[in-house]
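The structure appears right after this line, and notes come after that.
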Amino acid sequence: MAKVEQKGHTLSRERLVDFLRELLLIRRFEEKVEERFRAGDLSGFLHVSLGQEAIAVGVCRALDGSDVVASTHRAHAHALALGMHPNELMAELYGKVEGCSRGYGGSMHLYDVARGLIGSNAVVGGGLPSITGSALAFKLRGEPRVAVAFLGDGATNIGTFHESLNLAQLWGVPAVFVCENNGYAESTPAWQQLPITDLAKRAVAFGMHSITVDGQDVEAVYHAAQRAMKHARDGKGPVFLLANTHRLTGHYVGDPQVYRSREELREARETQDPLEKLRARLELPGEEWDELEHEVAVLVQASVDFALNGTDPRPEDALENVYA
Amino acid sequence: MAKVEQKGHTLSRERLVDFLRELLLIRRFEEKVEERFRAGDLSGFLHVSLGQEAIAVGVCRALDGSDVVASTHRAHAHALALGMHPNELMAELYGKVEGCSRGYGGSMHLYDVARGLIGSNAVVGGGLPSITGSALAFKLRGEPRVAVAFLGDGATNIGTFHESLNLAQLWGVPAVFVCENNGYAESTPAWQQLPITDLAKRAVAFGMHSITVDGQDVEAVYHAAQRAMKHARDGKGPVFLLANTHRLTGHYVGDPQVYRSREELREARETQDPLEKLRARLELPGEEWDELEHEVAVLVQASVDFALNGTDPRPEDALENVYA
Amino acid sequence: MVTMTYREAVRDAMAQAMRADPDVFVMGEDIAEMGGSMGVTQGMLEEFGPERVRNTPISEMAIVGAGIGAAMQGMRPIVEIMYEDFTTLAMEQIVNQAAKHRYMSGGQLSVPLTIRTQGGAGWSPGAQHAQQVEAWFCHVPGLKVVYPSTPADARALLWSSIYDDNCVLFFEHRLLYPLKGEVPDELEPLELGSARVHREGEDVTVVAIGRLVHEALKAAEAAEAEGISVEVLDPRTLLPLDEDALVRSVRKTSRCVVAHEAVVRMGFGAEIAAVVQERAFDHLDAPVERVGAKFCPVPFAPVMEQWVVPHMEDVLAAIRRTVGRE
Amino acid sequence: MVTMTYREAVRDAMAQAMRADPDVFVMGEDIAEMGGSMGVTQGMLEEFGPERVRNTPISEMAIVGAGIGAAMQGMRPIVEIMYEDFTTLAMEQIVNQAAKHRYMSGGQLSVPLTIRTQGGAGWSPGAQHAQQVEAWFCHVPGLKVVYPSTPADARALLWSSIYDDNCVLFFEHRLLYPLKGEVPDELEPLELGSARVHREGEDVTVVAIGRLVHEALKAAEAAEAEGISVEVLDPRTLLPLDEDALVRSVRKTSRCVVAHEAVVRMGFGAEIAAVVQERAFDHLDAPVERVGAKFCPVPFAPVMEQWVVPHMEDVLAAIRRTVGRE
Ligand SMILES: Cc1ncc(C[n+]2csc(CCOP(=O)(O)OP(=O)(O)O)c2C)c(N)n1
Ligand SMILES: Cc1ncc(C[n+]2csc(CCOP(=O)(O)OP(=O)(O)O)c2C)c(N)n1
Ligand SMILES: [Mg+2]
Ligand SMILES: [Mg+2]
């Protein structure tokens with residue numbers, strides 16, 4: 005059932021540099037979000053993906069243009085990896101009309117239907133049933149599309165997880181459930197919230213095909229995701245894709261992390277950074293890296309400028325979009 | 005993980021005759037319920053346990069007096085096997101003050117707290133979390149008690165099942181979840197509602213100990229249940245006890261069963277009757293059987309008389325018991 | 010005009026939509042071979058096959074949520090929740106997902122999902138199979154709530170619900186299924202949000218929904234014999250609410266009774282009373298009287314159950330109270 | 010008297026009960042090391058240990074249901090649901106189980122469970138973290154619903170909720186946590202079902218709950234400057250409801266405004282309006298005015314969010330409208 009993906013070095017250097025650029029964009033974007041939050045620019049509830057970028061990039065690069073994705077409260081990386089422009093994302097965090105959800109959604113409610121993002125969700129597990137349902141629609145219509153849900157390890161404890169995967173398997177719909185297993189649900193470590201250590205066992209309850217992969221290795225994630233998408237697209241049923249990863253920051257921006265030791269965090273940052281891993285593997289010359297950094301920094305800074313220059317909704321716009 | 009219990013012939017003949025008497029009591033009681041419903045005596049929604057009696061008897065005989073049980077919509081057998089007097093049960097079905105729930109509950113809401121029955125439940129899966137919680141209370145208080153939930157195969161599809169078993173395992177509480185796997189949820193056969201055939205796999209998702217047993221063999225059920233209770237009582241954590249069985253009648257009393265063939269039903273009735281199996285094994289002389297029949301018939305008829313002579317609640321009693 | 014039962018009317022709306030449109034399908038527990046626990050979908054499996062008449066596992070969250078997903082992809086699913094008591098299990102999907110995706114996406118997505126459910130007391134099923142919970146959903150912006158009381162309304166409103174681009178909660182009452190009534194030969198859609206005046210009158214307006222519409226009509230007849238002229242109005246769509254129709258009626262009659270089977274406290278009647286007292290304040294000659302179930306879960310024993318839920322007599326008593334005031 | 014915040018008051022009630030009674034314990038997501046997402050349970054792990062301050066998986070149904078089970082066995086669990094938006098996930102356990110076991114058992118069982126939750130807008134968390142849903146639970150016989158607005162009430166009412174033998178839904182408002190107030194040195198229990206008059210007045214009664222109590226008090230001051238004397242009444246317990254107190258007040262003032270943060274339609278204010286118009290009909294000089302959120306999900310963008318939920322100005326406008334009528 006559960007097979008750990010071996011690192012394969014089959015992608016071209018060019019492709020991997022492209023992955024690295026995307027990882028870096030997410031990293032710097034998220035750091036900018038932290039910075040802007042601390043500066044008091046941003047309101048609401050923000051969850052960044054530092055350390056988990058490789059899953060977003062590896063999975064989203066394995067998608068077809070017509071596939072759809074449901075994300076979680078930790079959604080920025082998925083949105084960017086799906087090709088959302090940083091401007092649109094940052095504008096949303098600033099509550100501007102130019103934002104991807106036109107200011108109605110916010111960090112936990114990113115939408116970009118044109119690019120397949122059918123909603124990130126602030127309710128843990130809340131988006132899973134709609135992925136089963138989207139995949140059902142694809143199956144009923146005979147469309148070769150896959151519906152993908154991201155979820156955390158904590159989300160495997162909630163009833164919607166069980167019902168959604170169970171139904172997906174029963175009906176053999178083209179869905180892929182990507183579990184970003186970072187070992188924490190907010191402050192709660194795995195041992196306090198999960199009765200098992202190998203989360204691939206969750207899939208056994210449904211007889212669902214599962215694949216386990218090192219979530220810090222973007223290439224491995226990409227290959228695993230490709231296999232998962234193919235399985236689903238070929239009509240072989242849904243897949244549970246388990247990506248083990250590390251959250252290299254707090255649960256939310258501003259989290260003092262009283263519940264984990266500085267050492268644990270430091271060690272993870274030093275040994276589990278997906279960017280550093282890929283950079284090391286590519287043996288990227290300092291110059292090339294600096295170029296990437298520059299390129300990304302420009303984009304990220306531009307997104308802040310774009311957002312700051314964005315349009316506030318009128319208060320009474322709040323009454324729009326309630327009904328179709 | 006899943007071990008099919010072998011039939012053991014270790015119980016005394018006397019003990020087995022006692023089991024047989026109980027099986028017969030349930031059988032004749034349930035048949036009487038069907039009869040009284042058809043006669044128009046009973047209102048509401050009735051689900052009888054014809055064919056599944058051995059699970060109720062085998063499990064309840066393995067309990068300690070201080071254990072607690074949550075039952076389902078198909079609850080009569082559990083109540084009787086727990087020692088509820090047929091009078092109290094029948095009076096409840098007739099909506100009388102003398103009923104086990106004083107007429108407030110009805111067939112799907114049987115309570116007998118003194119004997120450990122903390123409620124049967126008309127919501128599929130609805131009673132499971134409270135069994136995890138009852139078991140938690142026993143653990144917190146250091147009481148050597150076990151909390152037992154009955155559930156159907158259909159109930160393994162609902163979120164409460166997942167959450168309750170998961171939590172029970174995480175906290176290692178003394179709970180036993182008894183799955184009466186009769187291959188149907190109302191009209192829906194297993195293949196239309198379950199993505200797996202071996203329901204023991206459900207327990208794998210939680211790392212829960214599971215035992216599979218032939219639910220038509222009361223002695224096997226008894227032994228398996230004893231082991232399950234011991235496991236839980238000894239502090240080794242919860243158990244998923246899977247009893248494969250057959251529903252030898254409709255889902256509810258009056259069900260025309262358009263969804264299954266007469267042959268399937270006839271064959272099951274001929275080959276899967278737990279009473280006939282035990283009777284055959286005991287090679288019970290006709291005389292002894294007739295005696296049991298007589299004994300049980302008297303009890304069952306008396307319960308109807310008792311119920312008919314029972315007291316109707318006053319309408320305004322409806323406003324009692326809403327709050328403590 | 011043809012005569013059909015409420016049950017047939019519901020079925021006919023679904024079947025006609027499914028014949029016309031491959032994007033419409035139904036799913037729910039035991040709706041296929043068995044035709045649903047209330048027989049509403051009987052015969053549909055035979056006509057439309059198992060892909061479009063889908064039996065589901067017992068997974069209320071997932072089936073509502075799967076409906077949401079399919080609706081997001083442009084289909085028009087109809088999900089049946091066997092008893093409205095079990096909408097409690099799907100509450101998160103209904104309230105946080107179906108009702109809000111359009112809004113949270115700034116208008117990018119729609120969820121044209123219809124959730125049919127049924128319930129009601131009167132046959133002694135006990136406390137977990139007999140509640141009326143329509144009021145909850147009227148508190149949720151983004152949802153529509155429909156509760157028809159006649160075959161004609163059921164058919165027309167269900168069609169309109171299926172073709173509404175929002176999530177519609179469609180409530181049916183178990184005891185109404187065998188009710189016969191005339192329906193137009195051709196299915197004519199009915200705008201969601203328009204009330205029906207079932208009977209005109211001068212002295213009191215009775216606003217009633219579901220089963221209570223029929224109790225109100227009986228009460229109106231009895232009142233007429235006493236010289237009280239009663240107007241009976243059924244909002245049919247509880248959200249959006251046709252406030253104008255009810256305010257117009259009460260401004261005419263100056264008195265109002267509101268009746269439903271759900272418990273009075275925080276029931277739909279509270280909203281009606283609040284709207285009427287606000288918008289017809291200067292016209293009211295008596296307080297709005299509320300009729301509903303007494304404040305307890307629905308008990309099993311038939312004698313208690315019958316006493317708890319309201320009947321014609323309760324509506325009549327309220328009518329008398331309201332005209333008794335000066 | 011001592012001064013403490015609303016947050017500390019909630020914590021103190023729990024801690025005192027846990028010190029006094031081994032049957033009281035708390036469970037919920039992230040309540041242990043982290044002290045809860047709102048910091049309410051901070052320090053409790055250290056004092057009471059992980060068996061009695063239990064972190065749970067993300068399983069709202071199971072943790073409410075586990076609370077029900079432990080309560081059935083005679084314990085007095087306190088379950089924290091992180092945001093009231095997530096009570097939707099536990100709705101079945103709350104409505105069909107906790108509220109009904111006592112009734113369905115004919116009085117054999119009790120479920121002395123307290124479910125604490127919090128919510129509210131004003132910090133831009135978006136549509137799934139900012140709803141106010143207290144009204145739903147007021148429609149459910151067998152439940153009690155409490156919503157304190159001050160530290161003193163929070164502490165006393167939480168204690169009484171823990172020791173109530175029924176399931177109590179205890180609502181806290183996120184923006185009230187830092188609010189400071191005087192509380193008695195000794196914890197004095199407060200009967201569930203008694204309203205508090207925060208401020209006496211002659212011209213209008215404002216019935217307000219939660220955060221809106223404070224907006225109402227500010228509005229009352231502003232109104233006073235305009236020569237309008239406002240009485241502010243907080244029911245505190247929404248179910249059971251202290252009808253007598255509010256009817257008494259409105260009979261005196263002849264005018265009533267009701268204010269909460271939830272959307273107006275089918276909100277708690279509908280019940281207040283219905284009760285007041287019924288029981289104070291002859292005293293009312295103007296319709297009961299309802300103040301609440303506008304009819305939409307709570308939007309993210311702060312400019313829209315602030316406009317959607319009601320503030321002091323909205324209460325003041327309603328006061329002016331009601332005295333403006335003759
Ligand atoms: C149903 C529900 N319960 C609780 C929360 C509060 N909450 C937000 S994120 C989170 C932890 C999620 O953990 P996990 O699924 O592992 O995702 P991660 O944050 O680690 O990416 C919790 C409990 C929620 N949003 N929804
Ligand atoms: C949550 C919920 N959904 C649907 C129903 C309607 N219903 C009652 S019994 C039943 C089938 C239960 O199947 P299973 O768990 O296998 O038990 P069995 O009837 O076979 O004993 C269903 C769907 C219900 N009672 N509760
Ligand atoms: Mg996690
Ligand atoms: Mg079954």
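Chains as they are written, first to last, in our numbering: chain H, 5 to 328; chain G, 5 to 328; chain B, 10 to 335; chain L, 10 to 335. For glycine and all other residues, C-beta sits at the position ideal for the given N, C-alpha and C.
Given that B/Leu118 touches chain H, what residues does it touch there, using C-beta distances under 8 angstroms? Tyr115, Val117, Ile122, Gly123
Would you mind telling me which residues of chain G sit closer than 7 angstroms to B/Gly236, beta carbon to beta carbon, in chain order? None at all; the shortest Cβ gap to chain G is about 30 angstroms.
Excluding the 5 residues preceding and the 5 following L/Ile77 in the sequence, name in chain order all residues of the same chain whose CB lies nearer than 8 angstroms to its CB. Gln102, Gln106, Ala107, His110, Val120, Leu122, Cys176
For B/Ser68, which of H/Pro133, H/Leu312, H/Asp22, H/Met88 has the nearest alpha-carbon? H/Pro133
Identify, in the order they occur along the chain, each residue of the same chain with its Cβ nearer than 7 angstroms to the Cβ of G/Ala236, setting aside the five sequence neighbours on each side. Val150, Pro178, Ala179, Val180, Pro242, Val243
Of the residues B/Gly131, B/Lys153, B/Arg260, which one's Cα is nearest the Cα of B/Tyr186? B/Gly131
Based on the DSSP output, what are the partners of B/Pro86 in its beta bridges? B/Phe34
Pop quiz: G/Val308 and G/Arg40 are said to be a contact at Cβ under 8 angstroms. What is the actual Cβ separation, rounded to whole angstroms? 7 angstroms
Report the residue from L/Ala71, L/Glu38, L/Gly83 whose alpha carbon sits nearest the alpha carbon of L/Val62. L/Glu38
Is L/Ile103 close to ligand 1? I mean its beta-carbon at under 8 angstroms from any heavy atom of the ligand. no
Range covered by the alpha helix (DSSP H) that runs through B/Asp162: 160-171
Chain B contacts from the segment 168-198 of chain G (Cβ-Cβ distance under 8 angstroms): Ala189, Glu190, Ser191, Thr192, Gln196, Gln197, Leu198
Between G/Thr76 and G/Val128, is the Cβ-Cβ spacing less than 9 angstroms? yes
Is H/Asn186 helix, strand or coil by DSSP? coil
At the level of alpha carbons, what is the spacing between G/Leu140 and L/Phe34? 11 angstroms
Please confirm if H/Pro90 has its CB atom under 9 angstroms from at least one CB of chain B. no
Nearest CA to the CA of L/Thr96: which residue from L/Arg125, L/Pro86, L/Gln82, L/Ser114? L/Arg125
Please confirm whether L/Val38 has its beta-carbon closer than 9 angstroms to some beta-carbon of chain H. In the sequence as displayed, the identity of residue 38 of chain L is Glu instead of Val. Yes, L/Glu38 lies at the interface with chain H (some Cβ there is under 9 angstroms from its Cβ).
Round the Cβ separation of G/Gly110 and G/Gly48 to the nearest angstrom and send it over; I've been treating them as touching at under 8 angstroms. 5 angstroms
Any non-hydrogen atom of ligand 3 within 8 angstroms of B/Asn175 CB: no
Less than 9 angstroms between CB atoms is the rule here; does H/Ala139 satisfy it with respect to chain B? yes
Within 10 angstroms of the Cβ of H/His298, are there 16 or more other Cβ atoms? Answer buried if so, exposed if not. exposed
Taking 8 angstroms as the cut-off, does the CB of G/Gly129 come closer than this to any heavy atom belonging to ligand 4? no
Using a Cβ-Cβ distance under 9 angstroms, would G/Leu164 count as near chain H? A small fix is needed here, since residue 164 of chain G is Thr in this sequence, not Leu. It does; some Cβ of chain H falls within 9 angstroms.
According to DSSP, H/Phe244 sits in a beta bridge with which residue or residues? H/Phe181, H/Ser214
Please give me, in chain order, every unbroken run of the beta strand (DSSP E) with length at least 3 that falls completely inside the segment 173-222 of chain B. 176-182, 189-192, 205-208, 213-217
So, is G/Asp71 buried or exposed, given that buried needs 16 or more other C-beta atoms within 10 angstroms? buried
Alpha carbon to alpha carbon, what distance is there between B/Val155 and H/Val8? Because H/Val8 carries a pLDDT of 46, less than 50, the predicted location of this residue cannot be relied on, and no value is offered for it.
Could you compute how far the alpha carbon of B/Met70 sits from the alpha carbon of G/Thr160? 14 angstroms
Name the chain H residues whose beta carbon is nearer than 7 angstroms to that of G/Arg206? Ala209
Terminal residues of the continuous beta strand (DSSP E) containing B/Met81? Element bounds for B/Met81: not the beta strand (DSSP E) but the alpha helix (DSSP H), 69-81.
Beta-carbon neighbours of H/Asp321, restricted to chain L and to distances below 7 angstroms: Met313
Interface residues of chain H facing G/Ile200 [CB-CB closer than 7 angstroms]: Phe210, Gly211
Give the range of the beta strand (DSSP E) segment to which G/Val332 is assigned. Coverage of chain G is limited to positions 5 through 328, which leaves residue 332 of chain G absent and any answer about it impossible.
When we look at the beta-carbon of L/Val11 and count the other beta-carbons within 10 Å, is it buried (16 or more) or exposed? exposed
If you follow the beta strand (DSSP E) that L/Asp243 is in, where does it begin and where does it stop? 239-243
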